[in-house]
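Visitor: Let me begin by handing over the structure; questions about it come next.
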Amino acid sequence: MLAQLFAGRWKPEWDALLVDRSLPLAERLTRFYTEYRGKITRHEARLWTRAGLLGMHGPAFSRTLEKRILVPVARELRHDAGVASKRAVSGSEIELVQMLHGAIAFPHTRSYVFDMDVHGRLPELVAMMVRVWLPGAIAEVRRLTRP
Numbered sequence: 013m014l015a016q017l018f019a020g021r022w023k024p025e026w027d028a029l030l031v032d033r034s035l036p037l038a039e040r041l042t043r044f045y046t047e048y049r050g051k052i053t054r055h056e057a058r059l060w061t062r063a064g065l066l067g068m069h070g071p072a073f074s075r076t077l078e079k080r081i082l083v084p085v086a087r088e089l090r091h092d093a094g095v096a097s098k099r100a101v102s103g104s105e106i107e108l109v110q111m112l113h114g115a116i117a118f119p120h121t122r123s124y125v126f127d128m129d130v131h132g133r134l135p136e137l138v139a140m141m142v143r144v145w146l147p148g149a150i151a152e153v154r155r156l157t158r159p
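So the number in the numbering used here is just where the residue sits in the sequence shown, counting from 1, plus 12.
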């Protein structure tokens with residue numbers, strides 16, 4: 013039931029956007045996350061949080077998140093870092109991308125779940141998070157993928 017509620021949010025064009033190397037990675041991430049998180053309502057944020065607390069997200073959600081977002085972003089991060097590796101994306105690389113993913117989700121949690129102030133609109137916050145995260149993530153992926 014929960015998966016059906018949120019499954020319709022995914023836009024097929026996002027798959028192509030995340031790997032479109034004709035655009036800088038920062039621009040792709042900013043555009044993707046602004047669109048992906050941009051239509052979240054208070055009701056959806058609270059429902060999503062409650063479902064997580066009830067253990068309703070489970071392994072299927074985790075696999076979908078990895079396949080659709082985390083692994084493609086990790087591969088694009090490798091490309092921007094100049095890392096030519098055919099190895100599977102590691103758990104550490106997944107965690108590296110999760111840092112950005114979670115940070116971008118948190119303003120909705122702060123606002124809609126905790127009733128805390130969020131200082132800025134989502135597009136500006138996403139752009140700031142990407143600008144801050146990307147240089148450190150590039151350096152870290154180089155370290156993580158060293159032979």
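Quick reminder that beta carbons are idealized off the backbone N, C-alpha and C, glycines included.
The alpha helix (DSSP H) with Trp60 in it runs from where to where?
Guide: Note, Trp60: alpha helix (DSSP H), 54-65.
Visitor: My assumption, with CB atoms under 8 Å, is that Leu134 sits in contact with Gly67. Please give the rounded CB distance.
Guide: At roughly 28 Å, the Cβ-Cβ gap does not stay under 8 Å, so Leu134 and Gly67 are not in contact.
Visitor: Mind checking Thr42: buried by the 16 CB within 10 Å criterion, or exposed?
Guide: Answer is buried; the Cβ neighbour count reaches 16.
Visitor: What three-state label does DSSP hand Asp127 in the structure shown?
Guide: It is coil, neither helix nor strand.
Visitor: Tell me whether Met9 is buried or exposed, calling it buried when 16 or more other Cβ atoms sit within 10 Å of its Cβ.
Guide: Any property of residue 9 remains undetermined from this structure, which presents the chain solely from 13 to 159.
Visitor: Excluding five sequence neighbours on each side, which residues of the same chain lie with their C-beta closer than 6 Å to the C-beta of Ala151?
Guide: So no residue of the chain qualifies.
Visitor: Assuming Val101 and Val83 make a contact with CB atoms under 8 Å, what is their CB distance in whole Å?
Guide: Between Val83 and Val101 the Cβ distance is about 5 Å, and since that is below 8 Å, they are a contact.
Visitor: Can you tell me whether Arg149 is buried or exposed? The criterion is at least 16 other CB atoms within 10 Å of its CB, across all chains shown.
Guide: Note on identity: in this sequence residue 149 is Ala, with Arg being the wrong assignment. Buried, because 16 or more other Cβ atoms sit within 10 Å of the Cβ of Ala149.
Visitor: How should His55 be labelled, buried or exposed, when 16 other C-beta atoms within 10 angstroms of its C-beta is the threshold for buried?
Guide: Flag for His55 reads exposed.
Visitor: Around the C-beta of Glu136, are 16 or more other C-beta atoms found within 10 angstroms, so that it is buried, or is it exposed?
Guide: Exposed: under 16 other Cβ atoms inside 10 Å.
Visitor: Please state the DSSP three-state secondary structure of Lys160.
Guide: Residue 160 lies beyond the residue range present for the chain, which begins at 13 and ends at 159; the question has no answer from this structure.
Visitor: Of the choices Arg58, Leu112, Ser123, Leu29, whose alpha-carbon is the least far from that of Leu146?
Guide: Looking at the Cα atoms, Leu112 is the closest of the given residues.
Visitor: Going by CA-CA distance only, name the one from Ile81, Gly94, Leu37, Leu30 that's closest to Arg154.
Guide: When each option's Cα is compared against that of Arg154, the closest is Gly94.
Visitor: Which of the three DSSP states is assigned to Lys51 in this structure?
Guide: It is coil, neither helix nor strand.
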